[in-house]
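Just below is one structure, and these are the notes that go with it.
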Amino acid sequence: MTEQPTDGAGQAPDTSGTATPAPSGRPPAGPPVAGPSAPDSRADLHPELPRAHTPAEPPHGPALGEAPPAAKGRPPRPPEPRGGLLMGRPFGVPVYVAPSWFLVAALITWVFGGQLERVLPELGAARYLVSLFFAVAFYASVLIHELAHTVAALRFKLPVRRIQLQFFGGVSEIEKEAETPGREFWLAFVGPLLSLVLAGLFYLALQPVEPGTVPGVLLAGLMISNLIVAVFNLLPGLPLDGGRMLRAVVWKITGRPMSGTVAAAWVGRALAVSVLVGLPLLTQSGVLGDAAEDSVGMDTVMDALLAAILAAIIWTGAGNSLRMARLREHLPELRARNLTRRAVPVESDTPLSEALRRANDAGARALVVVDAHGEPLSLVREAAIVGVPEHRRPWVAVSGLAQELTDGMRVSAELAGEDLLDALRATPATEYLVVEETGEIYGVLSAADVERAFVKAMARPS
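The opening position of the sequence shown corresponds to residue 1 in UniProt numbering, with each subsequent residue numbered one higher.
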């Protein structure tokens, strides 16, 4: 299911009111508006910091105006992938059908059609139309299962990115973790519960229907398939719903979400091995079908292939759950205050060369365009600075390289972890203005710095 920055220089920016003269043909740039009466403009930019401000993770990037070593200004989260064919937006959540679903639908149509040939031979070729209807109805049941998770998540104020129907069922991409083990348990349980309810409804609908008819076969098939979905998902290993329920129980007992994740993930890996070995053995022993009918061994090969695919999905999902848990454990290390770059305020008509001189003298790596009253108007984009050749910088005003500030581009210096990432996701940009609770400027946060810190945190062992 998806980031270095500040500085420790002790020099102060030039706030004396005496600017370096602009090139001939341009009027001299006005003084920066951080406050000429202040002996050290660091106090204006960082009102709560001592002169030798040294963040927890000092920057190791290039000076302002030099090209960064990697891709510049990437937001910490890429645009939302479409994930296939958009089918609708129930409850405001997009539902996609992945291309792999069509392969599964064709496989179900073929397999169920073969069964219909034995049960209802009079259907002829029309049995494949009935089988296709069954495949669509079955995945509609899977969608209801996923919608149960989605509705519960929305009820708990957890954002849901999308629902995707894919090769082996569906997935609801919930972007945040439940706050309590009780909510986690319920969030996981509602999916299998709805599948059990559907199985019961199909059973009741089957009672008045005459056996050996098309409606009877369809209802029986949907009843059994929903029962299988419910039971399979209740197995106590990640990434299955039962694994999340086990995680919630261990979380409740130990008080640590990570302990629950580790326990449920390893049970999930044990389940993967059990499926890989056990499913073919059960088929061979006749528990899951008549082995005597498999005269050419084709069913054995198909069962082994199915077991391998299921085992791979469970094993991979369990591993991904462990990685996501490690990610969440390290998220608090991402703090806006520690990642913020020192910034220098400049007026809009300041030549880029002069602005860079002030920034370099101050050990700063960001420029904030302010008005005559010192109010921030825009942020000078690092990528735009790098794109201006050095010989042209005396003739280019910073206003032409700046991005106007919006409300979403102002973030609190107190933000950390998921709250910080949520703020950046809400307004994708390359730079953000970081402010104190008083509204005073603290500095500039680069999305690229957040991404690098994110990757660095993920690389640390738990």
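Just so it is clear, CB atoms sit at the ideal spot from N, CA and C, and this is done for glycine as well.
| Query | Result |
| --- | --- |
| Taking 8 Å as the limit between beta carbons, can you name the residues of its chain near Gly25, skipping five residues before and five after? | Any reading at Gly25 needs caution, since the residue's pLDDT is 37, under 50, leaving its predicted position unreliable; the model's value is listed next. Nothing meets the Cβ criterion. |
| Starting from the Cα of Val111, find the closest Cα among Gly212, Gly221, Gln207, Phe156 and give me that residue. | Gly221 |
| Pull up the distance between the alpha-carbon of Ala130 and that of Ser172, whole angstroms please. | According to the sequence shown, residue 130 is Val rather than Ala. Looking at the two C-alpha atoms, the distance is approximately 29 Å. |
| Would you kindly check if the distance between the Cβ of Leu377 and the Cβ of Val388 is under 8 Å? | no |
| Which same chain residues end up closer than 7 Å to Pro159 when comparing Cβ atoms and leaving out the 5 residues on each side of it in sequence? | Glu175, Lys176 |
| Find the nearest neighbour of Gln403 within the set Val380, Trp395, Gly417, judged by alpha-carbon distance. | Val380 |
| Which same chain residues, not among the five before or five after Arg127, have their C-beta less than 7 Å away from its C-beta? | Gly113, Leu116, Glu117, Leu120 |
| Check this for me: beta carbons of Ile385 and Leu405, under 8 Å apart or not? | no |
| Would you list, in sequence order, the uninterrupted alpha helix (DSSP H) runs of no fewer than 4 residues that lie entirely inside the stretch 308-343? | 336-339 |
| State the Cα-Cα distance for the pair Val209 and Ile224, rounded to the nearest angstrom. | 16 Å |
| Between the Cα of Pro394 and the Cα atoms of Thr430, Gly408, Arg357, which residue gives the shortest distance? | Arg357 |
| Could you check which residue in Thr438, Asp449, Gly417, Glu418 has the C-alpha nearest to that of Tyr432? | Asp449 |
| Ignoring anything shorter than 3 residues, give me the beta strand (DSSP E) runs that lie fully in the stretch 135-184, in order along the chain. | 160-166, 169-174 |
| Between the Cα of Pro280 and the Cα atoms of Ala263, Gly255, Thr261, Leu310, which residue gives the shortest distance? | Leu310 |
| Count the other C-beta atoms from every protein chain shown that fall within 10 angstroms of the C-beta of Gly169, then say buried if there are 16 or more, exposed otherwise. | buried |
| Give me the Cβ distance between Tyr442 and Glu436, rounded to the nearest whole Å; I'm assuming they're in contact under 8 Å. | 5 Å |
| Of all the options Arg256, Ile314, Leu204, which has the alpha carbon lying nearest to the alpha carbon of Glu179? | Arg256 |
| With DSSP run on the structure shown, which of helix, strand or coil describes Ser285? | coil |
| Using a threshold of 8 Å, state whether the C-beta atoms of Ala135 and Ala105 are closer than that. | yes |
| Provide the residue span of the beta strand (DSSP E) that contains Ala366, from first to last. | 366-370 |
| Quick one, are the C-beta atoms of Val411 and Ala423 less than 8 Å apart? | yes |
| For Leu206, which residues of its own chain have a beta-carbon under 7 Å away from its beta-carbon, when the five flanking residues on both sides are left out? | Gly216, Leu219, Ala220, Met223 |
| Please report the distance separating the alpha-carbon of Leu196 from that of Leu271. | 22 Å |
| Mark Ala307 as exposed unless 16 or more other C-beta atoms lie within 10 angstroms of its C-beta, in which case mark it buried. | buried |
| Which of the three DSSP states, helix, strand or coil, is assigned to Pro215? | helix |
| Are the beta-carbon atoms belonging to Pro345 and Ala248 less than 8 Å from one another? | no |
| Using the C-alpha atoms, what's the distance from Ala362 back to His145? | 58 Å |
| Going by DSSP, what residue range makes up the alpha helix (DSSP H) through Val450? | 447-459 |
| Specify the secondary structure class of Pro345 as computed by DSSP and reduced to three states. | strand |
| Taking all protein chains shown into account, decide if His149 is buried (16 or more other Cβ within 10 angstroms of its Cβ) or exposed. | buried |
| How about Phe156 and Leu187: are their beta carbons less than 8 Å apart? | yes |
| Val455: which of Arg323, Leu198, Gly317 sits nearest, CA to CA? | Arg323 |
| Excluding sequence positions up to five away, which residues of its chain have a Cβ less than 7 Å from the Cβ of Ser37? | With a pLDDT of only 31 at Ser37, under the threshold of 50, the placement of this residue in the model should not be trusted, and no figure is reported. |
| Residue range of the alpha helix (DSSP H) that Gly417 falls in? | 417-426 |
| Would you tell me roughly how many angstroms separate the C-alpha atoms of Ser353 and Ala366, rounded to the nearest one? | 13 Å |
| What does the alpha-carbon distance come out to for the pair Leu227 and Ala199? | 6 Å |
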